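Numbering (the numbering used here), first residue to last: 1 to 265.
Glycine residues also receive a C-beta, built at the ideal position from the N, C-alpha and C atoms.
In this text, all values refer to a predicted model and were calculated from it rather than measured experimentally.
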């Protein structure tokens, strides 16, 4: 017969598996320089149009530039809505087509409206992880938990014995800036596992995250990460606006987060 103490222990087990899940994690990146928007400079700007050789393109008229910018914004909005639709069911739903997501991200990231996303205040807020392709230890652990929840037998009433809910990341202005949280349930025992991390900008697009501590609400447990048991990594913020956040690890694998209202998280 399973005792309440045993069930509480089972409920706390996810702390070890998802302590680092959904924090912004990946192997460290050596260097990256912020890329400014491309600006075309005409070397023929002082040359009369009639004297320009036929194989040289003249810069577009100012009205054409305005139309191009407007079209670019429209394409960015289309790409963002397509991405949100593709990953709408999050990590607990069916896996989206990775090739389709990758193609949409290429179009979206090319139209990133935030020039210095790693230092932008737009990072602050609550985000829901809706797509993950990185290979951090915590993410792998959470994926194993999700898989275990899917294959676990049902209770006699048909209810799930194990339930793993969506994960959220809250980023604030004070260190440790990042707090990742995921709710778990084993039978009737519920728990929320959290991971707090320090986030520091090393460039306009690169963040360095250092794990601070993992916490479990059930049992009020806290597991600090201190040297030599410490995890640090760098990520690139490849897209950021008031709705969507895209980060990539050192191998270019993207994670997608969408901003949520506090009442919805």
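Inset, instruction - Consult DSSP for residue 250 and reduce its assignment to one of helix, strand or coil. - result: In the chain shown, residue 250 corresponds to position 250, counting from 1. In this structure, residue 250 counts as coil in the three-state DSSP scheme.
Inset, instruction - Tell me whether residue 76 is buried or exposed, calling it buried when 16 or more other Cβ atoms sit within 10 Å of its Cβ. - result: As a first step, residue 76 must be located in the chain shown, where it is residue number 76. Counting Cβ neighbours within 10 Å, residue 76 comes out buried, since at least 16 surround it.
Inset, instruction - Ignore the nearest five residues each way along the sequence and tell me which others in residue 111's own chain have a CB closer than 8 Å to its CB. - result: To locate residue 111, count along the chain shown from 1; it is residue 111. Cβ neighbours of residue 111 within its own chain (closer than 8 Å, five residues either side excluded): 72, 73, 75, 76 and 79.
Legend entry - Selected residue, minimal CA-CA separation from residue 262, among 245, 124 and 153: For the purposes of this step, residue 262 is taken as residue 262 along the chain shown, with counting starting at 1. The candidate whose alpha carbon is nearest that of residue 262 is 124.
Inset, instruction - Could you pull the start and end residues of the alpha helix (DSSP H) that residue 107 belongs to? - result: Position 107 of the chain shown, counted from the first residue, corresponds to residue 107. First-last of the alpha helix (DSSP H) with residue 107: 98 to 109.
Legend entry - Same chain, Cβ closer than 8 Å to residue 230, neighbours up to 5 away in sequence not counted: Sequence index remark: in the chain shown, residue 230 carries index 230 (1-based). Same-chain partners within the cutoff: 210 and 211.
Inset, instruction - Could you check what DSSP says for residue 83 in three-state terms: helix, strand or coil? - result: The residue you call residue 83 lines up with position 83 of the chain shown. Three-state result, residue 83: helix.
Legend entry - Boundaries of the beta strand (DSSP E) in which residue 161 is found, first to last residue: Mapped onto the chain shown, residue 161 falls at position 161. From DSSP, residue 161 is part of no beta strand (DSSP E); its letter is neither H nor E.
Legend entry - Counterpart residues of residue 224 in DSSP-defined beta bridges: One-based indexing of the chain shown puts residue 224 at position 224. Answer by DSSP bridge pairing, in chain order: 213.
Legend entry - beta strand (DSSP E) segment containing residue 191, residue limits: Position 191 of the chain shown holds residue 191. Counting along the chain, the beta strand (DSSP E) containing residue 191 begins and ends at 189 to 201.
Legend entry - Residue(s) in a DSSP beta bridge with residue 169: Residue 169 sits at position 169 when you count from the first residue of the chain shown. In the DSSP output, where bridge partners are listed per residue, residue 169 has 127 and 180.
Inset, instruction - Count the CB pairs spanning the segment 179 to 190 and the segment 88 to 98 that are closer than 8 Å, and state whether there are at least three. - result: no
Inset, instruction - Would you tell me roughly how many angstroms separate the C-alpha atoms of residue 109 and residue 155, rounded to the nearest one? - result: Here residue 109 refers to the residue found at position 109 when the chain shown is read from its first residue. Here residue 155 refers to the residue found at position 155 when the chain shown is read from its first residue. Going by the C-alpha atoms only, they are around 45 Å apart.
Inset, instruction - Over the uninterrupted beta strand (DSSP E) stretch that includes residue 260, give me the two end residues. - result: Counted from its first residue, the chain shown places residue 260 at position 260. First-last for residue 260: undefined, no H or E at that position.
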